[in-house]
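Written below as structure tokens is the structure these notes are about.
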Amino acid sequence: MTPEPKGGGQPGILTLDIADKSALYAAYMPFIANGGLFIPAQRNERKNYNLGDEVFLLLNLTEQGERLPVAGKVVWVTPPGAQGQRQAGIGIQFSGQDSGATQQKIESLLGGALRSERPTHTL
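Numbering follows the working numbering, with no gaps: position 50 of the sequence shown is 50.
Written out as structure tokens, the structure is:
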């Protein structure tokens with residue numbers, strides 16, 4: 001993830017490369033309307049996001065070769081040092097502007113893994 005500074009009410013711009021289905025499963029949040037992704041914080045990241053912040057995500061999914069532009073907002077924040085040694089980061093809810101296209105693409109890549117009981121970054 002490469003956050004860029006947000007200024008004057010402009011949405012934050014993030015890039016996220018998800019290399020494989022295991023990482024996609026761990027980051028995907030199907031329980032959020034329109035779907036969403038958890039984006040782990042980098043240790044050198046200085047930008048603090050708050051609930052409700054608008055973001056623009058450039059998403060590369062599992063060797064798809066294309067960056068998907070996705071608008072969204074922060075709906076989940078796990079701060080550094082969270083209980084249970086949870087990964088610090090933010091959860092982004094996809095905007096309804098793409099009519100569920102990003103959510104559908106992710107769910108088709110994950111297929112049957114969506115019914116798995118493996119832990120994720122969020123639940």
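Glycine included, each C-beta is placed from N, C-alpha and C at the ideal position.
Within the same chain, show all residues whose beta-carbon is closer than 8 angstroms to that of Ala71, passing over the 5 residues directly before and after it, in chain order. As a first step, residue 71 must be located in the sequence shown, where it is residue number 71. Once the five neighbours on either side are set aside, the close Cβ partners of Ala71 are Pro11, Glu54, Val55, Phe56, Leu57, Phe94, Ser95, Gln97 and Asp98.
Below 8 angstroms on the Cβ atoms is my contact criterion, and I expect Ile18 with Thr62 to pass it. Report the Cβ-Cβ distance as a whole number of Å. Counting from 1 along the sequence shown, the entry for residue 18 is found at position 18. Counting from 1 along the sequence shown, the entry for residue 62 is found at position 62. Between Thr62 and Ile18 the Cβ distance is about 6 angstroms, and since that is below 8 angstroms, they are a contact.
Need the endpoints of the alpha helix (DSSP H) that Ile106 sits in, please. Numbered from 1 along the sequence shown, position 106 holds the residue referred to as residue 106. Here the alpha helix (DSSP H) through Ile106 covers Ala101 to Leu110.
Hey, would you say Thr102 sits closer than 8 angstroms to Leu68, going by beta carbons? As a first step, residue 102 must be located in the sequence shown, where it is residue number 102. As a first step, residue 68 must be located in the sequence shown, where it is residue number 68. It is a contact, given that the beta carbons lie within the stated cut-off.
Taking the alpha carbon of Pro80 as the reference point, which residue from Gln42, Asn60, Ile106 and Gly100 has its own alpha carbon closest? Residue numbering aside, residue 80 sits at position 80 when the sequence shown is read from its first letter. Nearest C-alpha to Pro80: Gln42.
Within 10 angstroms of its Cβ, does Ser108 collect 16 or more other Cβ (buried), or is it exposed? Working through the sequence shown from its first residue, we reach residue 108 at position 108. So Ser108 ends up on the exposed side.
Identify the residues that DSSP records as bridge partners of Tyr28: which are they? For the purposes of this step, residue 28 is taken as residue 28 along the sequence shown, with counting starting at 1. Tyr28 is bridged to Leu37.
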